[in-house]
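Encoded as structure tokens, the structure appears first; notes follow it.
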Amino acid sequence: MRRIFLCALITAHIVSSHYHAIGQERYQATWESLKKYQTPDWFRDAKFGIFIHWGVYSVPAFGSEWYPREMYQQGSKEYAHHIEKYGSQKKFGYKDFIPFFKGEKFDAAQWVDLFKRAGARYVVPVAEHHDGFCMYKTALTRWNAVNMGPHRDVLGELAAEIRRQGLVFGLSSHRIEHWFFMNGGRRFESDVIDPANADLYGPAREQNETLSPEYMNDWLLRSTELVDNYKPQLFWFDWWIEQPALEPYRKSFASYYYNKGVEWNKGVVLNYKNTSYADETAVLDLERGKLAGIRQMPWQTDDAIGNQSWGYAEGNTFKSAQYIITNLIDIVSKNGNLLLNIGPRSDGTITEEETQTLLTTGKWLAVNGEAIYATRPWKIFGEGVTESASGSYHDQKKPFTPQDIRFTTKSDTLYAIALGKPVTNTSIKALGLQAGNGSIASIELVGSHEKVAWTQQDPALIIRLSKDYPTDNAVVYRIHFKK
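Letter by letter, the sequence shown follows residues 135 to 617 in my numbering.
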């Protein structure tokens, strides 16, 4: 016992010395300690990432990635569809889709090459979704993509390729939502009530039931296993970690992860929704929505190119590149990042619609990226005729126009971005003389050698129409002020 105690003291001293040596004290599992966290520059500079929802739910490809829950919800369209196509949920349950999830065309190098051409700087595959099937090698459950389905460590292959191609690797875990996800299958004769399947479908409890200590420990173990084995620089959680009982575990995970980041000498990001983490302790994420104005602390929108589903589903409709580009600009002008999701098919191929939206976005960023990457917000985010959506689950219903202007800054440069190709002169009130924001020395059209004609008047800056704009989706002006 004395030897164990001494070993523990020595280990603690070594760890403490290590953290002190690199100028960072260990984080403790308290809000006070976690508020010392600083969002790393890599995240603030990256602005644009790719989210990937790929799992067994891409096999039925019906409705959405919530098919594994809805197929057990009596009265749902998924429930009826399942019986009609596959038979009863007792004879053919969700587990029976796993052998058909082969991923035979999955090529991590091709995926990451596409993301890189799209202009993304970080990539966040879903490690485990609400269905409880792990897309990685794990010692904590037999239900994983190495043992079954593709028989490959999908997460590991992606992590290696993302890093090889110079992007930042992150991951997401939706494990906590599995607590209730399959509970519909307990209400009738289904394979969910078969004890042989309890380690996949369980606990299948009700949402209003308090999480058990055993389940919360399982969540913490799975989360720390992912950190230890895959070393992600971003870890994304969905909304249900906000459960009050989980608070000590949330704080324990954050301190563990942040200390690992210090150990790796790499800045790490922890994404949360709503109020799961205290302000300043992690990075806020809004699902399918955004903020109306500038937030002083960095934040992120997670959105999908697919309108109805995050995972692959037949009949899904898709957002245009125009929508993605203009909303990316809007988000960046307000100190945010965009994490944009794709949902590959079960064979590992990516839809043509998502591919084209990504490539078109990448072409725009190849010309105009200097106004996005490594920028910071200006005094105001912008001006214009179109009201910005605000809050989670609020898409930008009314499209932006060339009269809508957004601002970003880098060093002594101001970028003014028109959210569309102008068809009339561009008027910017915030840069008029009476606005008091400075006298302009020069204006250049990014991506063009054409001389820009402009006049700075009292009510507004007027930029004349150009003969040929370098990009269609949005136009960027590089502005310098007189010193």
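Here a beta-carbon is modelled for each residue, glycine too, at the ideal position from N, C-alpha and C.
With a threshold of 7 Å, establish whether the CB of residue i neighbours any heavy atom of the ligand SAM.
{"i": "Ile186", "result": "Judged by which ligands are present, the structure shown has none, so any question about the ligand SAM falls away."}
If we count the other Cβ atoms within 10 Å of its Cβ and call it buried at 16 or more, is residue i buried or exposed?
{"i": "Lys668", "result": "A question about residue 668 goes unanswered here, because the residues of the chain that appear run from 135 up to 617."}
{"i": "Met431", "result": "exposed"}
{"i": "Val609", "result": "buried"}
{"i": "Val557", "result": "exposed"}
{"i": "Lys617", "result": "exposed"}
{"i": "Pro382", "result": "exposed"}
{"i": "Pro511", "result": "buried"}
{"i": "Tyr527", "result": "exposed"}
{"i": "Lys229", "result": "buried"}
{"i": "Asp372", "result": "buried"}
{"i": "Phe234", "result": "exposed"}
{"i": "Gly304", "result": "buried"}
{"i": "Glu340", "result": "exposed"}
{"i": "Asn75", "result": "Residue 75 falls outside the range modelled here, since the chain spans only 135 to 617, and no answer is possible."}
{"i": "His285", "result": "exposed"}
{"i": "Thr272", "result": "buried"}
Residue i to residue j, Cα distance in whole Å?
{"i": "Gly482", "j": "Tyr191", "result": "13 Å"}
{"i": "His622", "j": "Asn461", "result": "Residue 622 lies beyond the range of the chain shown here (135 to 617); nothing can be said about it."}
{"i": "Pro329", "j": "Leu360", "result": "27 Å"}
{"i": "Gly221", "j": "Gly189", "result": "22 Å"}
{"i": "Arg298", "j": "Asp247", "result": "11 Å"}
{"i": "Lys250", "j": "Ala505", "result": "18 Å"}
{"i": "Tyr391", "j": "Gly477", "result": "28 Å"}
{"i": "Lys453", "j": "Leu599", "result": "28 Å"}
{"i": "Ser576", "j": "Trp353", "result": "55 Å"}
{"i": "Gly568", "j": "Lys513", "result": "Looking at the sequence provided, one finds Gln at residue 568 rather than Gly. In a straight line, the C-alpha of Gln568 is about 16 Å away from that of Lys513."}
{"i": "Ser198", "j": "Val260", "result": "15 Å"}
{"i": "Trp245", "j": "Tyr256", "result": "13 Å"}
{"i": "Lys236", "j": "Asn281", "result": "12 Å"}
{"i": "Tyr406", "j": "Gly253", "result": "24 Å"}
{"i": "Leu548", "j": "Thr542", "result": "6 Å"}
{"i": "Arg422", "j": "Ile465", "result": "12 Å"}
{"i": "Gln223", "j": "Arg160", "result": "49 Å"}
{"i": "Gly227", "j": "Gln367", "result": "36 Å"}
{"i": "Asn278", "j": "Gly395", "result": "26 Å"}
Alpha helix (DSSP H) containing residue i: first to last residue?
{"i": "Asp529", "result": "Careful: Asp529 lies outside any alpha helix (DSSP H) and carries neither H nor E."}
{"i": "Gln243", "result": "As written in the sequence, residue 243 is Ala, which differs from the Gln given in the question. Its alpha helix (DSSP H) spans residues Ala242 to Arg251."}
{"i": "Leu492", "result": "Glu486 to Asn502"}
{"i": "Leu334", "result": "Ala332 to Tyr335"}
{"i": "Glu212", "result": "Lys211 to Tyr220"}
{"i": "Ala180", "result": "Asp175 to Ala180"}
{"i": "Glu578", "result": "Run containing Glu578: none in the alpha helix (DSSP H); it sits in the beta strand (DSSP E), Ile574 to Leu579."}
{"i": "Val396", "result": "Glu381 to Trp398"}
{"i": "Ser628", "result": "Absent from the structure is residue 628, since the part of the chain shown begins at 135 and ends at 617."}
{"i": "Phe235", "result": "Phe235 -> no alpha helix (DSSP H), and no H or E assigned at all."}
Between which two residues does the beta strand (DSSP E) carrying residue i extend?
{"i": "Asp436", "result": "Trp433 to Ala438"}
{"i": "Arg298", "result": "Note, Arg298: premise wrong, no beta strand (DSSP E); alpha helix (DSSP H) at Val288 to Arg298."}
{"i": "Trp588", "result": "Trp588 to Gln590"}
{"i": "Arg203", "result": "Counting along the chain, Arg203 falls outside any beta strand (DSSP E), though it belongs to the alpha helix (DSSP H) covering Tyr201 to Glu204."}
{"i": "Phe371", "result": "Leu368 to Phe371"}
{"i": "Leu345", "result": "Careful: Leu345 lies outside any beta strand (DSSP E) and carries neither H nor E."}
{"i": "Ile465", "result": "That residue, Ile465, is in no beta strand (DSSP E); its alpha helix (DSSP H) goes Ala455 to Ser467."}
{"i": "Leu418", "result": "Val417 to Glu421"}
{"i": "Glu448", "result": "Unbroken run through Glu448: none, as it is neither H nor E."}
{"i": "His614", "result": "Val609 to Phe615"}
Leaving out five residues before and five after residue i in sequence, what residues of the same chain have Cβ atoms less than 8 Å from its Cβ?
{"i": "Gly113", "result": "This structure leaves residue 113 out entirely; the chain is present only between 135 and 617."}
{"i": "Ala146", "result": "Note that Ala146 scores 38 on pLDDT, short of 50, meaning its location in the model is unreliable and no value can be drawn from it."}
{"i": "Ala412", "result": "Trp165, Leu168 and Lys169"}
{"i": "Asn475", "result": "Ile184, Phe185, Ile186, His187, Asp436, Asp437, Ala438, Ile439, Gly440 and Trp444"}
{"i": "Ile574", "result": "Leu565, Trp588, Gln590, Leu595, Ile613, His614, Phe615 and Lys616"}
{"i": "Ile327", "result": "Gly319 and Arg320"}
{"i": "Leu380", "result": "Ile310, Leu345, Met350 and Trp353"}
For residue i, collect the residues of the same chain with a Cβ closer than 7 Å to its Cβ; drop the 5 residues on either side in sequence, then sort them by chain order.
{"i": "Ala155", "result": "Since pLDDT at Ala155 reaches only 37, below the 50 mark, its modelled position is unreliable, and the value read off the structure follows with that caveat. Cβ within range, chain order: n/a, list empty."}
{"i": "Thr275", "result": "Cys268 and Asp333"}
{"i": "Pro194", "result": "Tyr201 and Phe231"}
{"i": "Gly427", "result": "Lys468 and Phe515"}
{"i": "Lys563", "result": "Glu517, Ala569, Pro593 and Ala594"}
Please return the same chain residues whose Cβ sits closer than 6 Å to the Cβ of residue i, not counting the five positions on each side in sequence.
{"i": "Thr560", "result": "Ala552 and Ile597"}
{"i": "Trp498", "result": "Ile459, Thr605 and Asn607"}
> Do three or more CB pairs link the segment 581-589 to the segment 603-610 at distances below 8 Å?
Replying inline: With the cut-off at 8 Å, the segment 581-589 and the segment 603-610 touch.
> Using 8 Å as the Cβ pair cut-off and three pairs as the minimum, do the segment 512-523 and the segment 438-449 touch?
Replying inline: no
> Looking at C-beta atoms only, is the number of pairs between the segment 309-317 and the segment 194-214 that lie closer than 8 Å three or more?
Replying inline: Counting Cβ pairs under 8 Å, three or more are found: they touch.
> Taking three-plus beta-carbon pairs below 8 Å as touching, is the segment 180-197 in contact with the segment 466-480?
Replying inline: yes
>> Between the segment 328-340 and the segment 288-302, can you find at least three pairs of beta-carbon atoms closer than 8 Å?
In response: no
>> Across the segment 548-566 and the segment 519-538, are there enough close Cβ pairs to call them in contact, namely three or more that are closer than 8 Å?
In response: With a cut-off of 8 Å, the segment 519-538 and the segment 548-566 count as touching, because enough Cβ pairs lie within range.
> Contact between the segment 445-459 and the segment 389-405: three or more CB pairs below 8 Å?
Replying inline: The segment 445-459 and the segment 389-405 do not touch, with fewer than 3 CB-CB distances between them shorter than 8 Å.
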